[in-house]
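Asker:
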Amino acid sequence: MTRRPLPPCRPGFTDHVYATVHGVDLPLRVWPAKGARGGAKVPWVLWIHGGGYTAGKWTAPTAWVTRAFGDRGYAIASVGYRQQPQAALPDMLADCLAAALWCRLNLPALVGADPDAWLVAGSSGGGTLACLVAHAPLFSVPSTPGVLPGISDSSDLSAFGSRSDPYHSSPNPNLNPSPSPSLSPSDPSTLPAPRVLVNVYGVSNNADDHHHNTYRTAPVEDYYVADEAELAEALADRDPRNAITQSPWAYELPPAVSLSECRAALGLPNFVPERKHFARNDLWSYVARYRLLYTTMFRRETFPDVHGAAGREYWRHVMRYSALHLLDRAEGYPPTFLWHGTGDRDVRVQQSWEFGDRLRARGVPVGEVYPEGLGHTFDFEIQTPEDKGWEWVEEMLDFVDAHIDGDMESD
Numbered sequence: 001m002t003r004r005p006l007p008p009c010r011p012g013f014t015d016h017v018y019a020t021v022h023g024v025d026l027p028l029r030v031w032p033a034k035g036a037r038g039g040a041k042v043p044w045v046l047w048i049h050g051g052g053y054t055a056g057k058w059t060a061p062t063a064w065v066t067r068a069f070g071d072r073g074y075a076i077a078s079v080g081y082r083q084q085p086q087a088a089l090p091d092m093l094a095d096c097l098a099a100a101l102w103c104r105l106n107l108p109a110l111v112g113a114d115p116d117a118w119l120v121a122g123s124s125g126g127g128t129l130a131c132l133v134a135h136a137p138l139f140s141v142p143s144t145p146g147v148l149p150g151i152s153d154s155s156d157l158s159a160f161g162s163r164s165d166p167y168h169s170s171p172n173p174n175l176n177p178s179p180s181p182s183l184s185p186s187d188p189s190t191l192p193a194p195r196v197l198v199n200v201y202g203v204s205n206n207a208d209d210h211h212h213n214t215y216r217t218a219p220v221e222d223y224y225v226a227d228e229a230e231l232a233e234a235l236a237d238r239d240p241r242n243a244i245t246q247s248p249w250a251y252e253l254p255p256a257v258s259l260s261e262c263r264a265a266l267g268l269p270n271f272v273p274e275r276k277h278f279a280r281n282d283l284w285s286y287v288a289r290y291r292l293l294y295t296t297m298f299r300r301e302t303f304p305d306v307h308g309a310a311g312r313e314y315w316r317h318v319m320r321y322s323a324l325h326l327l328d329r330a331e332g333y334p335p336t337f338l339w340h341g342t343g344d345r346d347v348r349v350q351q352s353w354e355f356g357d358r359l360r361a362r363g364v365p366v367g368e369v370y371p372e373g374l375g376h377t378f379d380f381e382i383q384t385p386e387d388k389g390w391e392w393v394e395e396m397l398d399f400v401d402a403h404i405d406g407d408m409e410s411d
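Mapping the sequence shown onto full-length UniProt numbering, position 192 (from 1) lands on 192, and the numbers just tick up by one.
1. Pull up the DSSP beta-bridge partners for Gly56, would you.
2. Assign Gly70 to one of three DSSP states: helix, strand, or coil.
3. Taking the alpha-carbon positions, what's the Asp344 to Ala229 distance?
4. Decide yes or no for the touch test of the stretch 83-90 against the stretch 50-70: beta carbon pairs closer than 8 Å, at least 3 of them.
5. Helix, strand or coil for Gly356? Go by DSSP, reduced to three states.
6. Is it buried or exposed for Thr14, if we count other Cβ within 10 angstroms and need 16 for buried?
7. Can you tell me whether Tyr251 is buried or exposed? The criterion is at least 16 other CB atoms within 10 Å of its CB, across all chains shown.
8. Check each candidate in Asn281, Arg10 and Gly375 and name the one with the smallest Cα separation from Trp249.
9. What does a CB cutoff of less than 7 Å around Gly12 pick up in its chain, not counting 5 residues either side in sequence?
10. Given that a residue counts as buried once 16 or more other Cβ atoms are within 10 Å of its Cβ, and exposed if not, what is Asp95?
11. The alpha helix (DSSP H) that contains Pro108, what's its start and end?
12. Inspect the CB distances between the stretch 327-336 and the stretch 260-276 and report whether three or more fall short of 8 Å.
13. Among Trp44, His277, Asp114 and Phe278, whose alpha-carbon lies nearest the alpha-carbon of Asp71?
14. Rounding to the nearest angstrom, what Cα-Cα distance links Gly373 and Ala63 in this structure?
15. If you draw a straight line from the C-alpha of Ala236 to the C-alpha of Leu105, how long is it?
16. If I'm right that Thr336 touches Val364 with Cβ under 8 Å, what's the distance once you round it to whole angstroms?
17. In chain order, what are the residue ranges of uninterrupted beta strand (DSSP E) at least 3 long that sit wholly in the stretch 303-389?
18. Just tell me which of Ile404, Asp405 and Leu397 has its CA closest to the CA of Val65.
19. For Leu89 versus Met297, is the C-beta distance shorter than 8 Å?
20. What residue range is occupied by the uninterrupted beta strand (DSSP E) comprising Ala75?
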């Protein structure tokens, strides 16, 4: 079977830095809406890429994203955020919130965007972050572009109750404690909630035991370039100055593809593959093999008492960053479209089923597409309107169009 070429990055973009944190520039790539005319305000989408919080690309969203939204009249901003292990999930969320605020302040001049007519969308890990960004009124957001203080730790945790800790593994002694920021109420006028959320097989309940206990991909027989000693050392690195915001997958790099195809797909004409890119792929395989992703993202080592009070505090911390649990505190939530294959073994489709049920019970409009038997990243093959599955893209776009003018649901 002939390999399908990598889809080229949509042209016409501009690149920007929306903040600098610990010396790390946080980037955005912006595309104007197709056919946008001077003076006409257009809606815009903040796209958050996936990649297991370890890799992925802000320069090249999944192929259907720029084609679908751009041709439908939406400006697109694809955000780069700091990845693990130097960044915890709250840091990634803080980055995405800061990017949304930057877009709200700058996209009107750049691409004629209506600052209020925005949606957030993402896939896999990016879908998880998108679900949390949709709770924007619950979080403090920096008021000055380029300043990213994070999310303050002043939240009342009583709303989350307590639960027993089923996590039975010992924390990695090589990990250096680095407490993460947590939830805080803020002025919703600083960054209003998006008008629509599109979650493509992202996790809405980070407290799901599947991701802490039973989640495990098939063992990887060989790494590309690194050994386990190197990977263990890399995973222990908590120096925020070493955080990265992008790393392509090995199948997007030579020798799997030509250098010209790689550069065209990434939208980076001067990109040069290096060993570090393959080592980053190896790091993802390592955390998946040993089920270390969630313990790293939520800094499990800072809650050493597994079965006692510290263990309960850990689960409260996880639930503070679970969109499903935050619904108990939110005054409203935007209309939500869920797209998830029923054969997904990485993020179970039950995540989206439960989230959709909870939202409907609150009166939130919900659109859903559950392709039978399809697994994680099934949408990578949906690139053009001629591809099977584009009808699902159209269904999503119709849902977004119906709600982008604003009908935020509240209790």
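Beta carbons are placed, not taken as given, at the ideal position from N, Cα and C, and that holds for glycine.
Since the model is a prediction, treat every value here as computed from it, not as a measurement.
Answerer: Looking at the coordinates:
1. Gly56 is bridged to Ser247.
2. helix
3. 31 Å
4. Yes, the stretch 83-90 is in contact with the stretch 50-70.
5. helix
6. exposed
7. exposed
8. Asn281
9. Trp31 and Pro32
10. buried
11. If you look at Pro108, you'll find it in the alpha helix (DSSP H) that goes Leu89 to Val111.
12. no
13. Trp44
14. 22 Å
15. 37 Å
16. Their Cβ separation, rounded to whole angstroms, is 6 Å, which keeps Thr336 and Val364 in contact under 8 Å.
17. 336-339 and 366-369
18. Leu397
19. yes
20. Ala75 to Val79
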